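Numbering (the working numbering), first residue to last: 39 to 348.
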């Protein structure tokens, strides 16, 4: 499908842009309808892959698997299933891995995972499980020839005592066989580039793809930032000031802010983006359009391409 889509940056002669999208498994029939409408809307943009998240302690394991399996069966998208080490033995994780391979999944996003009690709680490995994300990557490599993506933290993981310790973990994941790193969201591009300099100085040469979170609800984004240690610039708060009860204007501001961020990244040489969609397509679709991504001719915007069923 990728060859059917015209890919170009916003600048004449610029390098092609590639994107991937992240979704989470739905909890209700209404949420499922929203998810599949979003997949249908975004599928014609030919993302490199679409990932489906996995809850703490495997709380969404069945729903994640069902969503990924439906993507395999009903679309030509390449799904990437999230998988964590939390609250499961190696045998249980390996069984899930075999199930994904048998279902046609060839890409895993391997994560340690948050503690079942949530961010901020102490992490304790399962006594019979994979201890770290690097251990999980190595287990995936032993199981089959998966493409493996892992997480990266431009502002370091909240539990890491230093950037050096954080980079030790990333290096271990790459040494174990990870082929791509996807960053946690960030709102100051300089933080990403400083982090990338540190990564390359370590000799880590896998792609480090910026994770972009379009901020449609500033309060929610700010709460997330506080929990994860993500810097929220004062100027960004100012953009949304006075719009708590004005969702329509918030959408316009959100699109402008996210477009401003990705355009600056493109101007500084970035050509691949991972969007945290929150299962909503319109804002992400608009940003991709501004980046120059277009559906194939004949595919009406918003109607998909017949490859993802709502």
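The beta-carbon is built from N, C-alpha and C at its ideal position, and this holds for glycine as well.
These figures come from a predicted structure and were not determined experimentally.
Looking at C-alpha atoms only, which residue of the options is the closest neighbour of residue i?
i	options	result
residue 215	176, 161, 104 and 226	176
residue 289	232, 319, 142 and 162	319
residue 298	187, 283 and 227	227
residue 225	135, 252, 208 and 200	252
residue 218	234, 189 and 257	189
residue 149	259, 195, 105 and 116	195
residue 80	99, 101, 54 and 114	114
residue 66	84, 83 and 105	105
residue 258	245, 244 and 278	278
Between the beta-carbon of residue i and the beta-carbon of residue j, is there less than 8 Å?
i	j	result
residue 326	residue 131	no
residue 137	residue 164	no
residue 311	residue 247	yes
residue 161	residue 192	no
residue 186	residue 151	no
residue 249	residue 268	no
residue 205	residue 240	yes
residue 296	residue 321	yes
residue 76	residue 147	no
residue 324	residue 293	yes
residue 166	residue 127	yes
Among residues of its own chain, excluding the 5 on either side of residue i, which ones have a beta-carbon nearer than 6 Å to its beta-carbon?
i	result
residue 91	62 and 120
residue 135	181
residue 87	58, 116, 118 and 145
residue 69	none
residue 328	297
residue 221	190, 192, 248 and 249
Any idea which residues DSSP pairs residue i with across the strands?
i	result
residue 117	88
residue 61	90
residue 315	None; residue 315 has no bridge partner.
residue 218	187
When the cut-off is 8 Å and only beta carbons count, does residue i lie next to chain C?
i	result
residue 197	You won't find chain C in this structure, because it holds only one protein chain.
I'd like the list of long-range same chain contacts for residue i, defined as Cβ closer than 7 Å, with 5 residues on each side in sequence excluded.
i	result
residue 73	61, 64 and 317
residue 349	There is no way to answer for residue 349, as the model of the chain reaches only from 39 to 348.
Whose C-beta lies closer than 8 Å to the C-beta of residue i among residues of the same chain, with five residues either side of it excluded?
i	result
residue 207	170, 171, 172, 195 and 198
residue 335	none
- May I ask you to verify whether the stretch 307-319 touches the stretch 59-66, counting CB pairs closer than 8 Å and requiring at least 3? yes
- Message: When you compare the stretch 257-264 with the stretch 294-307, are there three or more beta-carbon pairs, one atom per stretch, that lie closer than 8 Å?
- Response: no
- Task: Report yes or no: do three or more beta-carbon pairs, one from the stretch 272-286 and one from the stretch 202-212, lie closer than 8 Å?
- Result: no
- Query: Is the stretch 106-118 close to the stretch 141-148, with three or more CB pairs under 8 Å?
  - Reply: yes
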